[in-house]
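Residue numbers (this note's numbering): 1 to 71.
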């Protein structure tokens with residue numbers, strides 16, 4: 001009887017951890033999709049600070065490369 005209660009508690013704990021992990025992962029993926037960490041303007045500013053003169057073509061290439069890495 002006692003071992004059944006302990007087994008049920010352990011299984012519930014494992015299920016809760018797994019469910020919490022997947023919910024948190026889904027939330028973070030949706031958050032990052034809606035609020036990307038770097039946008040075109042930030043990328044342009046970074047390139048200018050590094051001494052580069054960014055063209056729109058170069059910015060688009062870098063943004064698409066970063067978006068491919070995220071997916």
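Beta carbons: idealized from backbone N, C-alpha and C, even for Gly.
Nearest to residue 62 (by Cα), restricted to the options 3, 6, 38, 50: Taking only the C-alpha atoms, the option nearest residue 62 is 38.
Rounded separation between residue 55 and residue 34 - CA only: 25 angstroms
As assigned by DSSP and simplified to three states, the class of residue 64: Three-state DSSP puts residue 64 in a helix.
Span of the alpha helix (DSSP H), counted from its first residue to its last, around residue 5: 2-34
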